[in-house]
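All residue numbers for the sequence shown refer to the working numbering, where the first residue is 266 and numbers rise by one.
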Amino acid sequence: MMIIHYLKIAWRNLWKYKTQSAICIVGLAVGFVCFALSALWIHYETTYDSSYEGADRMYLVYKKDILSKSGYSIGLPYPVSTWLKRDMPDVEATCAFSWGAKGILVGENGRKIEGGDLQADSCFMNLFGLSVLKGNYDFLSVKDKIALTEECAMQLFGSTDVLGRKVKLNERMELSVCAVVEGSGEHTSFPFSYWYNHINPVWHDQCAYNVCMVVIKLREGVSLEAFQQKFDRYVGRLTEKQGKAVLEGCRFIPLSRYHYASFNEERTIRFNYLVLFAGVGLLVILSSLFNYLMLFVSRMRMREREIELRKACGSSRMRLFLLFMTEYLLVIVFAGLVGMVLIELLLPLFRNVSGVTGGVYASSLAYFMGILLVSALCLFPFIRYRERGYIRRLDVFRKASVFFQLLVSMLFICCVSVLLKQVIHLRHADIGWERKNLAVFDYMYPQDDFEQIAKRVGQLSYTQVLLKGHLGLFHAQMRMASSIDDWEGKQDSDASVNIEFIPEGETFMRFYGLKLQEGDYPKAGANEIVLNESAVRALGIHKIVGKSVHMTNKWCTVTGIVKDFHTTAPTVPVNPIALTGEAHEAEIDGIRVVYSGDCLAVRYHEGKGEELQAYVDRMMAEDYPDVRYRLTDIEEAYDRYLQSEYLLLKLLVFVSVVCMVVSLFGIYSLVTLACRQRRKEIAVRKINGATVSDILLIFVKEYFLLLTSAALVAFLIGYILMKHWLEQYVEQTEISVWLFFLIYIGMALVVCLSIGSRVWEAVRQNPAEVIKEMN
266 MMIIHYLKIA WRNLWKYKTQ SAICIVGLAV GFVCFALSAL WIHYETTYDS SYEGADRMYL
326 VYKKDILSKS GYSIGLPYPV STWLKRDMPD VEATCAFSWG AKGILVGENG RKIEGGDLQA
386 DSCFMNLFGL SVLKGNYDFL SVKDKIALTE ECAMQLFGST DVLGRKVKLN ERMELSVCAV
446 VEGSGEHTSF PFSYWYNHIN PVWHDQCAYN VCMVVIKLRE GVSLEAFQQK FDRYVGRLTE
506 KQGKAVLEGC RFIPLSRYHY ASFNEERTIR FNYLVLFAGV GLLVILSSLF NYLMLFVSRM
566 RMREREIELR KACGSSRMRL FLLFMTEYLL VIVFAGLVGM VLIELLLPLF RNVSGVTGGV
626 YASSLAYFMG ILLVSALCLF PFIRYRERGY IRRLDVFRKA SVFFQLLVSM LFICCVSVLL
686 KQVIHLRHAD IGWERKNLAV FDYMYPQDDF EQIAKRVGQL SYTQVLLKGH LGLFHAQMRM
746 ASSIDDWEGK QDSDASVNIE FIPEGETFMR FYGLKLQEGD YPKAGANEIV LNESAVRALG
806 IHKIVGKSVH MTNKWCTVTG IVKDFHTTAP TVPVNPIALT GEAHEAEIDG IRVVYSGDCL
866 AVRYHEGKGE ELQAYVDRMM AEDYPDVRYR LTDIEEAYDR YLQSEYLLLK LLVFVSVVCM
926 VVSLFGIYSL VTLACRQRRK EIAVRKINGA TVSDILLIFV KEYFLLLTSA ALVAFLIGYI
986 LMKHWLEQYV EQTEISVWLF FLIYIGMALV VCLSIGSRVW EAVRQNPAEV IKEMN
């Protein structure tokens, strides 16, 4: 029955200080939710592709690639898999496969589904331990056969009895279902719904087609570091004919880490931001916990008379301890309940953003129990200090707690301000080309009606300029690279420069707003090129305009320099690029490449993007129902590169507000308690002639000293953190001194208002009545 008594007393005290308790509960709950969901997300990300047998020994092969938007590529020739299995004894198994994130499958009943597209041979099945559940293995070798996973068969036909049924792939390939295979599940970087093998047999022996992903499985006991060294020595012994150029620079990443790797273009958020989210949650928890501890200990000091009366009535130290522990932990439990409710409310949104599947409550409960245990342990030292009369130490903790909360609040505000400044800078910075009011048909199939569609779009009143018959810039249909291996003034020690080239000239450059810094546009068929600033820096040639360079097996004259233009994420440096003039074919490394621009780009009038999209959707649905297309607004597409930054900004703004409210209310509550404890002192000072400003100065001086100290530490940490964070961007904003000054002034004003309101209420009381009451 004593526990019921303790709970009643705890509830009465919580209700007595209901505003303070509510702030503490909300702060702890928000911190718990941030930490729990971030930790769940981190665990989910780090366990991708970990369910296969020997998954800890599986590695994906990748290498640097000038044409990739991330700077790295996992696309390799098929023979890489064969060479690694044949020549590296430490490799137990390999497989090369082609995978696409989205493909359209249409059943006989007309039902459509979208799913992962897998093209692989039996090596994939052997490596990942998958099996055929029904049917035969014809899909591995026969061109008109396909295998479906159980999930795909159920979605498409409502049954797994699908052998012999017909399906149409991407509305152009009719295939017969010959098998139902075991799927790889959803918790994988390569989920697939159907499996067929259309890898061209010619690719098995050709190194010119980087169309496959290669996964290897090392033998037990072989470390990645040792294998990488052996691999590098192996590549060093090869000749060009043996594939040295293909294998040179290859690296290996654990398969379970690929999902959150920086070069995985399918990832939704950067992994280091998830770790940051978890850290933010912990800081909010600590800030709220320190605030609650500080208020709880201060209230214990105000209840000295109650404690002595309980002792006089026979209460033991253990019973008093249980009484205070019940009251203390009740707030933590309420915070956990509020946190669980918030998790339930946010769960659909969280699953949609993160892709996390499975239960979350068991892990969340485990995290909460850890917080509960740590919170309980934190109370022990303060109870012992109170029993031994170490009041000064408790005052030190009170000041340290205020200092920590102010530090965390200003650190968050500082980071949010710099982050917001950087996002605004990235959205409005000059990226070397004009992306506003631009929409592109980056996909259209079939193209039988291309000219008619282009004509109708070009006749719209809100179409400003139309570009057709050229390559795309942001969504390039094809990307090409070569190397500049010779140039005027080249020294023997100078290395060749890998360079991306775009076979476009003046029309293309003017439409996209590429800025010519020097010289003139290249003329088609005249062996003239324009280089970007990165290419000029890589070559190291002073006054390069008019000089000749050797690329694509011919000498070209540099006619101009164009400003660097960013078509990749703002964290990826601009590649050396050459614009070679409008052309339709080129010889690259002895191979004749023919290309044609089938991109349709529309420059529309300001604010007409939605109308253009609506018109195109209506026109295609009514007049061209069989044409598959994708109209992309380029500004919106570029902003997707900032998706992680937007998510981080929203979270930090929210937790900054929470931390600031918790900190300021903690100061407000402490000043309130201090005014109650020092009522007699304030009354005596008033009788002796002290003014309101004199009394206010007593309180302000202490808290402004803490505020200034916290600001110095917070700004130093914030500057170091954000300077390091900004280094990942090619375009960076400036961390201005005025930003720190504004944050300090703003916090000082809010703290001053919090202190002033409570002190003003205290000094308005009649000093004679206060002294009479206290005596």
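Note that CB positions come from ideal geometry on N, CA and C, so glycine has one too.
- In the structure shown, Phe362 adopts extended strand secondary structure according to DSSP, grouped into three states.
- Here Ile947 is buried, its C-beta having at least 16 other C-beta atoms within 10 Å.
- As summarised for the region 733 to 813, the continuous beta strand (DSSP E) elements at least 3 residues long and confined to that stretch are 745 to 749, 762 to 767, 781 to 784, 793 to 797, given in chain order.
- The alpha carbon of Asp382 has as its nearest neighbour, out of Thr414, Val407, Glu357, Tyr402, the alpha carbon of Thr414.
- In the DSSP annotation of this structure, the continuous segment of the alpha helix (DSSP H) that includes Ile982 starts and ends at 957 to 991.
- For Val326, the enclosing beta strand (DSSP E) stretches over residues 323 to 329.
- Our two residues, Asp904 and Gly292, have alpha carbons roughly 32 Å apart in a direct line.
- Contact annotation: Cys289 and Tyr557 have beta-carbon atoms nearer than 8 Å.
- According to DSSP, Cys864 shares a beta bridge with His735.
- With distances taken between CA atoms, Leu1004 lies nearest to Lys686 out of Arg535, Val562, Lys686.
- Secondary structure of Trp460 (DSSP, three-state): strand.
- The bridge partners DSSP lists for Ser338 are Lys328.
- Straight across, the Cα-Cα distance linking Lys408 with Gly429 is about 15 Å.
- In this structure, the CA atom of Val881 is about 50 Å from the CA atom of Gly1011.
- The three-state reading of DSSP puts Thr311 in helix, counting H, G and I together.
- Separation of Ile767 and Met745 (C-alpha to C-alpha, rounded to the nearest whole angstrom) is 7 Å.
- Taking each of Val511, Ile960, Arg532 in turn and checking the Cα distance to Gln471, the smallest one comes out for Val511.
- Leu595 places its beta carbon less than 8 Å from that of Leu279.
- Taking all protein chains shown into account, Asn818 has fewer than 16 neighbouring C-beta atoms within 10 Å of its C-beta and is therefore exposed.
- Bounds of any alpha helix (DSSP H) do not take in Arg895; it lies within the beta strand (DSSP E) bounded by 893 to 898.
- If you ignore the 5 residues before and after Gly514, its C-beta comes within less than 7 Å of the C-beta of Lys328, Lys329, all in its own chain and listed in chain order.
- Distance between Pro456 and Gly365, taken at the CA atoms: about 9 Å.
- For the pair of segments examined, the region 695 to 714 was found to touch the region 882 to 899: the number of CB pairs separated by less than 8 Å reaches three.
- According to DSSP, Val397 shares a beta bridge with Val446.
- Taking 8 Å as the upper bound for CB-CB distance, Ile274 and Val540 are not in contact here, some 42 Å apart.
- Using a Cβ distance threshold of 8 Å, Val432 and Thr359 do not count as a contacting pair.
- DSSP places Leu428 in the coil class of the three-state scheme, outside both helix and strand.
- Measuring C-alpha to C-alpha distances from Met816 to each of Ala800, Pro354, Asp829 identifies Ala800 as the nearest.
- Inside the region 678 to 742, DSSP marks whole beta strand (DSSP E) runs of 3 or more residues at positions 703 to 710, 728 to 735, from first to last along the chain.
- Put simply, of Arg868, Ile636, Val1016, Gly400 the residue whose alpha carbon is nearest the alpha carbon of Phe297 is Ile636.
- By the criterion of at least three beta-carbon pairs nearer than 8 Å, the region 616 to 631 is not in contact with the region 315 to 328.
- Under the three-state reduction of DSSP output, Met353 falls in the coil class, being neither helix nor strand.
- Of the residues assessed, Thr956 falls on the exposed side of the cut-off, its CB having fewer than 16 other CB atoms within 10 angstroms.
- CA-to-CA, the gap between Phe422 and Ser458 works out to about 13 Å.
- DSSP, read as helix, strand or coil, puts Lys367 in strand.
- Residues Cys360, Phe362 of the same chain have their beta carbon placed closer than 7 Å to that of Phe389, with the five preceding and five following residues left out of the count.
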